[in-house]
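Chemist: Got a structure here, written out as structure tokens. Questions coming.
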Amino acid sequence: MPTPPENRELSPYTGWTRAHWEDTADRLLLSVRPHASPRGGLVDLPGPRPSWSGARSDGLEGWARTFLLAALRVAGAQGEDPHGHLDRYAEGLAAGTEKPGTDDPDSWPLTTGTRQAIVESASVALGLRLTRPWLWDRLDDPTRQRVADWLRPALGPSPVDNNWWLFGLTVAGFLQDAGIETDRAAATIDRSLARVEDWYLGDGWYSDGDNRAFDHYNAWALHFYPVLHAHLAGDRTLLDRYGPRLRRHLDDYVHLFDANGAPLPYGRSLIYRFAAAAAPWLGTLTGHTPLTPGATRRLASGSLRYFLDRGATDERGLLTLGWHGPYPPLVQEYSGPGSPYWASKGFLGLLLPAGHQAWTDPEEALPAEVADTVRPFAPAGVLVQTTAADGLVRLHNHGSNHVHSAGAAEDDPGYARHAYSTRTGPSAGPAPADNHFALLTEDGRASTRGPAVPAGTGPDWAASVHHPLPGVRVLSATLAHGRAEVRAHLVLGAPEGTPVRQTGWATTPDGPHAELHPVHGYPEATTAAELPTGETLQGPGSRTLALTGATHGPESLFVALASLTAEAAPAPVADLADVRVTGPRTLTVTWQNGTTTRFDLGPENG
């Protein structure tokens with residue numbers, strides 16, 4: 025297949041057009057064909073290990089997630105299917121549901137027996153809904169009956185109390201459209217949306233369950249399924265409720281994309297990669313977006329190219345378990361070889377017709393390319409910092425968690441760090457944690473952060489509280505301006521002389537330049553040491569700067585200046601801000617442009 029030519033007039037940032045998206049979808053789909061079971065009911069992709077749900081479930085996952093990609097590809101072309109994608113998936117649908125739950129080489133696991141099958145039922149149902157005139161309506165009655173029987177258990181309560189409720193919603197939406205179990209489907213839709221409503225905290229942000237988990241699941245699940253269902257159902261009431269929330273979320277979300285196209289790597293399931301483009305496409309599809317059509321395509325094409333240009337597919341054309349290429353520390357135990365194909369959601373833009381402005385307008389710049397920004401996402405308790413000189417994005421985390429209790433043996437690297445960026449870490453165990461403030465034990469072990477309780481946000485700051493050890497409380501704050509970061513930690517209740525360590529960014533040899541400069545609480549004239557932190561999702565050989573000190577009373581304040589930049593010959597970070605400790609808990613920061621921020625780590629901030 026010849027690669028479509030770039031069009032730098034229409035797409036000055038990426039060169040990509042709709043033809044590139046169609047070509048990429050076809051290549052991904054053709055690459056998985058050799059791995060189908062005899063009658064096409066499963067797609068058994070090669071991988072280092074099966075998921076915790078087992079190989080049969082993984083085969084269903086490979087089928088369902090690539091079927092969603094085929095559905096978006098064919099529905100976007102109004103049924104044109106020159107590669108015969110849907111014919112193959114129709115055969116697989118019949119084979120997989122003929123003897124579900126058996127050892128037949130094509131059979132699907134039952135949705136009553138394998139929890140992961142509930143997840144995959146949503147991709148099956150959504151694919152069928154999108155392609156109904158070209159697939160479902162052409163199936164024979166016995167096959168339709170078997171498929172409906174396989175889907176029905178998903179109408180029950182979710183077995184997992186988080187975004188999983190939306191898988192039942194998605195199945196219900198299809199069955200309702202198809203005239204199957206319409207009353208029960210309607211009840212499932214209402215129940216699912218009611219449960220998710222409990223986690224909406226305003227300003228476009230949901231927690232993924234009761235655990236204050238804020239990450240890309242906001243975009244590719246918690247907004248994706250309700251808004252897309254409302255759109256496909258033509259339900260104006262639901263769209264009027266959920267559409268403005270999506271618009272508000274995208275107003276923040278667009279700031280999480282680097283000028284090089286990378287979405288910010290934080291949270292879990294990062295192997296879904298360019299699924300991060302799903303919500304921006306959805307905003308354009310439904311008319312609920314603050315982004316122009318050209319900016320939407322620039323974001324989406326930039327993200328897709330970012331991964332494909334950096335080895336996201338292997339020599340067989342298969343998506344790997346990782347970020348650029350394979351990277352085992354990034355992979356959750358629930359993920360198997362077919363899991364990365366949830367990235368199919370990123371192809372939602374193909375539902376926009378070829379003549380839509382999202383495909384015909386010139387690409388426009390992303391916020392990270394236009395101006396320096398410091399932006400709090402208040403419900404999530406995070407502060408996002410971007411710099412136009414290099415297009416870098418940094419997130420300072422003072423409220424997103426994926427842990428349920430204090431005192432956990434290990435922190436989750438995707439949630440517990442104080443900061444993340446589009447071009448660094450995070451480091452993975454047993455290497456020292458990057459962007460971490462720790463108390464050190466006698467044998468040199470670092471304390472975990474545990475749950476971060478948000479303590480407020482402001483125009484250029486965010487703060488939180490955590491309890492690294494029994495009886496010890498740490499009030500932390502990040503203040504930011506340009507590329508400068510002030511990192512402050514007030515340690516309360518630790519024995520005098522307890523060693524502490526502040527680490528900075530985990531940078532690879534060909535990555536950006538990091539600095540970490542002591543301001544207060546660390547020994548005078550100290551210089552940051554360099555710790556080897558091994559391979560990160562950005563590549564091997566990362567190193568992380570670290571400052572050490574010791575508590576010096578019942579209240580011990582530690583302040584440092586940090587910087588991460590891809591600028592050539594950057595000025596020292598100490599030149600970017602004058603930081604003065606003007607009280608036991610008070611900082612006064614004068615930034616390089618002359619503006620001043622006064623911050624108090626007092627009771628109102630902790």
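Under my numbering, the residue at position 292 of the sequence shown is numbered 316, and the numbers go up by one with no gaps.
For every residue, glycine included, the Cβ atom is placed at its ideal position computed from N, Cα and C.
This structure is a prediction, so every number in the text was calculated from the model and none was measured.
Can you check which of these residues, F298, L581, G341 and E144, is closest to G91 by C-alpha distance?
Modeler: Translated into the one-based positions of the sequence shown, residue 91 becomes position 67. The sequence as given places Phe at residue 91; Gly does not occur at that position. Considering only alpha carbons, the answer is E144.
Chemist: Any idea which residues DSSP pairs A443 with across the strands?
Modeler: Within the sequence shown, residue 443 is the residue found at index 419, counting from 1. According to DSSP, A443 bridges with H420.
Chemist: Can you give me the C-alpha to C-alpha distance between P133 and R139, rounded to a whole angstrom?
Modeler: For the purposes of this step, residue 133 is taken as the residue at position 109 of the sequence shown. For the purposes of this step, residue 139 is taken as the residue at position 115 of the sequence shown. If you take the alpha carbons of P133 and R139, they lie about 10 Å apart.
Chemist: Can you tell me which of G78, V171 and G39 puts its alpha carbon nearest to the alpha carbon of A114?
Modeler: Taking the first residue of the sequence shown as 1, we reach residue 114 at position 90. Minimum Cα distance to A114 is reached at V171.
Chemist: Residues in the same chain with beta-carbon distance under 6 Å from T320, minus the five sequence neighbours each way, listed in chain order, please.
Modeler: In the sequence shown, the residue the question calls residue 320 occupies position 296. Only P304, T308 and A382 meet the Cβ criterion.
Chemist: Less than 6 Å between C-beta atoms, sequence neighbours within five positions excluded: which residues of the same chain meet that for W223?
Modeler: In the sequence shown, counting from the first residue as 1, residue 223 sits at position 199. Counting only Cβ-Cβ distances below 6 Å, and skipping sequence neighbours, we find Y230 and S231.
Chemist: Going straight from the alpha carbon of A315 to that of L274, what length do you get?
Modeler: What you label residue 315 is simply residue 291 of the sequence shown in a count that begins at 1. What you label residue 274 is simply residue 250 of the sequence shown in a count that begins at 1. In the sequence under discussion, the amino acid at residue 315 is Leu, which differs from the Ala named in the question. Cα-Cα distance, rounded: 8 Å.
Chemist: Excluding the 5 residues flanking V515 on each side, which residues of the same chain have their C-beta closer than 6 Å to its C-beta?
Modeler: Here residue 515 refers to the residue found at position 491 when the sequence shown is read from its first residue. The residues are V498, T575 and S580.
Chemist: Sorted by chain position, which residues of the same chain lie with C-beta nearer than 6 Å to K369's C-beta, five sequence neighbours on each side aside?
Modeler: Translated into the one-based positions of the sequence shown, residue 369 becomes position 345. For K369, where only same-chain residues beyond five positions count, the Cβ hits under 6 Å are W244, A299 and A302.
Chemist: Nearest to P542 by CA position, among A512, A530, G517 and T557, is which residue?
Modeler: In the sequence shown, counting from the first residue as 1, residue 542 sits at position 518. Considering only alpha carbons, the answer is A512.
Chemist: Pop quiz: T472 and A486 are said to be a contact at Cβ under 8 Å. What is the actual Cβ separation, rounded to whole angstroms?
Modeler: Taking the first residue of the sequence shown as 1, we reach residue 472 at position 448. Taking the first residue of the sequence shown as 1, we reach residue 486 at position 462. Wrong, their Cβ atoms sit about 20 Å apart, outside the cutoff.
Chemist: Could you pull the start and end residues of the beta strand (DSSP E) that W485 belongs to?
Modeler: Within the sequence shown, residue 485 is the residue found at index 461, counting from 1. W485 to H490 is the extent of the beta strand (DSSP E) around W485.
Chemist: Pull up the CB-CB distance for G423 and R236, whole angstroms please, since I reckon it's below 8 Å.
Modeler: The residue given as residue 423 occupies position 399 in the sequence shown. The residue given as residue 236 occupies position 212 in the sequence shown. 6 Å between Cβ atoms; contact.
Chemist: Which same chain residues, not among the five before or five after T167, have their C-beta less than 8 Å away from its C-beta?
Modeler: By 1-based counting over the sequence shown, the position of residue 167 is 143. L117, A118 and T121, listed in sequence order.
Chemist: Can you tell me the Cβ-Cβ gap for G415 and A392, rounded? I've got them flagged as a contact below 8 Å.
Modeler: On the sequence shown, residue 415 is found 391 positions in, with the first residue counted as 1. On the sequence shown, residue 392 is found 368 positions in, with the first residue counted as 1. At roughly 5 Å, the Cβ-Cβ gap stays under 8 Å, so G415 and A392 are in contact.
Chemist: Report the residue from L493, L306, L152 and T531 whose alpha carbon sits nearest the alpha carbon of L464.
Modeler: In the sequence shown, counting from the first residue as 1, residue 464 sits at position 440. L464 has its Cα closest to that of L493, out of L493, L306, L152 and T531.
Chemist: Quick one, are the C-beta atoms of V496 and V477 less than 8 Å apart?
Modeler: Here residue 496 corresponds to residue number 472 of the sequence shown, with the count starting at 1. Here residue 477 corresponds to residue number 453 of the sequence shown, with the count starting at 1. It is not a contact, given that the beta carbons lie outside the stated cut-off.
Chemist: Quick check: the stretch 346–360 against the stretch 289–297, are there 3 or more CB pairs under 8 Å?
Modeler: Yes: at least three Cβ pairs fall under 8 Å.
Chemist: Jot down the residue ranges of each uninterrupted alpha helix (DSSP H) in the stretch 209–282, minimum 4 residues, whole runs only, in chain order.
Modeler: Runs of the alpha helix (DSSP H) inside the stretch 209–282: 248–257 and 260–277.
Chemist: Taking all protein chains shown into account, decide if P29 is buried (16 or more other Cβ within 10 angstroms of its Cβ) or exposed.
Modeler: On the sequence shown, position 5 is the one that residue 29 refers to. P29 is exposed by the Cβ-count criterion.
Chemist: As a quick exercise: from G192, Q200 and L52, pick the residue whose alpha carbon is nearest that of D259.
Modeler: Position 235 of the sequence shown, counting from 1, holds the residue named residue 259. The option with the nearest alpha carbon to D259 is Q200.
Chemist: Assuming H380 is part of the alpha helix (DSSP H), what are its boundary residues?
Modeler: Here residue 380 refers to the residue found at position 356 when the sequence shown is read from its first residue. Where H380 is concerned, there is no enclosing alpha helix (DSSP H), given that its DSSP letter is neither H nor E.
Chemist: Taking Cβ positions, are L270 and H312 nearer each other than 8 Å?
Modeler: For the purposes of this step, residue 270 is identified with residue 246 of the sequence shown, where counting begins at 1. For the purposes of this step, residue 312 is identified with residue 288 of the sequence shown, where counting begins at 1. Result yes, Cβ atoms of L270 and H312 sit closer than 8 Å.
Chemist: Any chance the stretch 339–349 sits against the stretch 558–567, with 3 or more Cβ pairs inside 8 Å?
Modeler: Yes, the stretch 339–349 touches the stretch 558–567.
Chemist: With Q616 and A601 assumed to form a contact (beta carbons below 8 Å), what rounded beta-carbon distance in angstroms separates them?
Modeler: One-based indexing of the sequence shown puts residue 616 at position 592. One-based indexing of the sequence shown puts residue 601 at position 577. Indeed, because the Cβ distance is near 7 Å, the residues count as touching under 8 Å.
Chemist: Cβ of A538 within 8 Å of Cβ of S587?
Modeler: Looking up residue 538 in the sequence shown gives position 514. Looking up residue 587 in the sequence shown gives position 563. The answer is yes: Cβ separation under 8 Å.
Chemist: May I have the straight-line CA-CA distance separating A378 from G100, to the nearest angstrom?
Modeler: Locating residue 378 in the sequence shown gives position 354, counting from the first residue. Locating residue 100 in the sequence shown gives position 76, counting from the first residue. Taking the straight line joining both Cα atoms gives about 9 Å.
Chemist: Determine the burial state of Q409: buried for a count of at least 16 other Cβ atoms within 10 Å of its Cβ, exposed for fewer.
Modeler: Here residue 409 corresponds to residue number 385 of the sequence shown, with the count starting at 1. It is buried - the Cβ of Q409 has at least 16 other Cβ atoms within 10 Å.
Chemist: Going by beta carbon distance, what residues of the same chain come within less than 8 Å of D185, once the five residues before and after it are set aside?
Modeler: For the purposes of this step, residue 185 is identified with residue 161 of the sequence shown, where counting begins at 1. Excluding residues within five positions, the ones whose Cβ falls inside 8 Å are R219, G233 and D234.
Chemist: Who are the Cβ neighbours of E520 in its own chain at under 7 Å, not counting the five residues just before and after it?
Modeler: Along the sequence shown, read from residue 1 onward, the residue named residue 520 stands at position 496. Counting only Cβ-Cβ distances below 7 Å, and skipping sequence neighbours, we find T575, H576 and G577.
Chemist: Is G64 helix, strand or coil by DSSP?
Modeler: Taking the sequence shown and counting its residues from 1, one reaches residue 64 at position 40. Correct three-state label for G64: coil.
Chemist: Once DSSP output is grouped into helix, strand and coil, what is the label at S325?
Modeler: Mapped onto the sequence shown, residue 325 falls at position 301. It is helical.
Chemist: Is W366 buried or exposed, if buried means 16 or more other CB atoms sit within 10 Å of its CB?
Modeler: If you number the sequence shown from 1, residue 366 lands on position 342. Under this definition W366 is a buried residue.
Chemist: DSSP three-state label for H505, please.
Modeler: Position 481 of the sequence shown, counted from the start, is the residue given in the question as residue 505. Looking at H505 - three-state DSSP - the assignment turns out to be strand.
Chemist: Three Cβ pairs or more, each shorter than 8 Å: is that satisfied between the stretch 189–198 and the stretch 432–441?
Modeler: The stretch 189–198 is not in contact with the stretch 432–441.
Chemist: Flag this pair as touching only if the stretch 337–345 and the stretch 53–68 have three or more C-beta atom pairs under 8 Å; answer yes or no.
Modeler: Touching, yes, given that three or more Cβ pairs across the two stretches are closer than 8 Å.
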